[in-house]
Amino acid sequence: MWGDLHQILQYSEGIYQQTIRDRNNLVRIWGGEGITPFPEPNSNFYTMWDFFIPAFSCPFSVTRVGTMGDGGKWVCGFERVIHQKDCVIYSSGVAQESSFEKQILERSSSCKIYGYDFSVENWGPQIRDVPEFKERIAFKPWKLQPVDNPSANPPEYSLQGLMKKNGHTFIDILKLDIEGSEFDVLDSIFKEYKGKPLPFGQLQLEVHVGSKSFADFLHWWERLEEAGLRPFWTEVRVISRSEQKNRRTDRFCL
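Counting from 176, one number per residue, gives the positions in the sequence shown under this note's numbering.
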C-alpha cells in the first residue's frame with residue numbers, strides 16, 4: 176500500500192475527512208459558530224487554530240526552505256518541485272526577506288521566481304544583487320488583489336492577471352503573505368476555478384485573521400477545502416506583543 180501514491184493520498188484524505196467531522200463536533204461542544212476565536216486567558220481553553228489543524232500528510236519529505244523563523248517555509252516534496260522542468264514560483268509579500276527564494280535558486284538550475292510587493296522596490300538583499308540569479312528572478316512593486324486595476328497606485332493585479340501577463344498556466348509554489356488580502360484574493364481564485372484544478376501545485380500561506388469572526392473564518396476555510404486544498408503543516412507566528420496576546424497570525428502549508 177505504502178508504495179502506491181494514489182493509495183497514500185486516499186488514506187490521508189480519509190483521515191482528513193474524519194478531522195473535518197471532529198472539527199464540526201468540537202465547534203458544537205464550544206457553543207457553535209458564534210464562539211470567540213481567541214478567548215481571554217483562563218476562560219475557554221482553546222484558540223481558533225485548534226480547529227484548523229494540518230491533518231493531511233504530505234506523501235513526500237517535508238523540507239524547511241529559507242531561514243528559521245519569519246521568512247522560511249515548510250515545503251512538501253521540495254526536491255521534486257525544484258527539479259521540475261520550467262519550475263515556476265510566485266512570491267507575493269516580499270518585504271526584505273528573500274531567504275526562501277534564495278534557497279530555491281541555489282538548489283535549482285531551472286526554477287524562475289516572480290515577486291510582487293507594493294511596499295518595497297525590489298527583492299530582499301539575499302538575492303537582488305546576486306549576478307547568477309538575475310536571469311531567473313523578476314520583481315514588480317504591484318499589489319495582489321481579486322481583480323486587475325493597472326491604473327491604480329500602486330498597480331493592482333489578480334493572480335489570474337499576473338499569470339496571463341507572464342504567459343503561465345501553472346505555478347509550482349504560490350507563496351502569499353499579503354497582510355489580510357489573502358481572503359479576497361483566494362476567494363476570487365476559487366470562484367474562477369470552481370470545479371476545475373487550481374492553477375498552483377502548493378500554497379504557502381500566511382493567514383492574518385485580524386477582527387474576523389470565527390464563523391467568517393470557518394466558512395472561508397471550508398471554501399479552501401472545497402477547492403481541494405489540504406493543510407500539511409502549520410506554525411504560529413508570534414512577533415509583537417499584541418500577537419503574543421491574540422495569536423491572530425498563522426502560517427499554513429497546503
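Cβ coordinates follow ideal geometry from the N, Cα and C atoms, glycine included.
### Task
Starting from the Cα of Y186, find the closest Cα among F213, P216 and C233 and give me that residue.
C233
### Task
Give me whichever residues DSSP pairs with W408 in a beta bridge.
C428
### Query
Apart from the five residues on each side of it in sequence, which residues of its chain come closer than 6 Å, Cβ to Cβ, to I204?
none
### Message
Please give me, in chain order, every unbroken run of the beta strand (DSSP E) with length at least 3 that falls completely inside the region 278-319.
### Response
287-291 and 312-315
### Query
If you draw a straight line from the alpha carbon of R416 to that of G403, how long is it in whole angstroms?
Confidence at R416 is low in this model, with a pLDDT of 40, below 50, so the placement of that residue is unreliable and no value is reported for it.
### Query
Within the chosen definition, does the region 270-281 reach the region 303-322 through at least 3 CB pairs nearer than 8 Å?
yes
### Message
Which of the three DSSP states is assigned to Q259 in this structure?
### Response
coil
### Query
Beta carbon of C428, beta carbon of K287: below 8 Å?
no
### Message
Helix, strand or coil for L373? Go by DSSP, reduced to three states.
### Response
coil
### Task
With distances taken Cα to Cα, identify the nearest neighbour of F375 among I190, Y191 and C262.
C262
### Query
For Y332, which residues of its own chain have a beta-carbon under 6 Å away from its beta-carbon, when the five flanking residues on both sides are left out?
W317 and D323
### Task
Report the option in E381, P212, R239 and S326 whose CA atom is closest to the CA atom of L472.
With the chain covering 176 to 429 only, the question about residue 472 has no answer from this structure.
### Query
Among residues of its own chain, excluding the 5 on either side of W298, which ones have a beta-carbon nearer than 8 Å to its beta-carbon?
V269, S273, E276, G290, I312 and F314
### Query
Rounded to the nearest angstrom, how far is the Cβ of F389 from that of P229, given a contact under 8 Å?
About 19 Å separates the two Cβ atoms, so there is no contact after all.
### Message
Please report the distance separating the alpha-carbon of N341 from that of Y265.
### Response
11 Å
### Query
Can you give, in chain order, each stretch of the beta strand (DSSP E) that sits fully within the region 224-272 and has at least 3 residues?
237-240, 248-251 and 263-267
### Query
What do you reckon, are the CB atoms on M223 and V384 nearer than 8 Å?
yes
### Task
State yes or no: is the C-beta of H383 nearer than 7 Å to some heavy atom of the ligand HEM?
Among the ligands in the structure shown, none appear at all, so the ligand HEM cannot be discussed.
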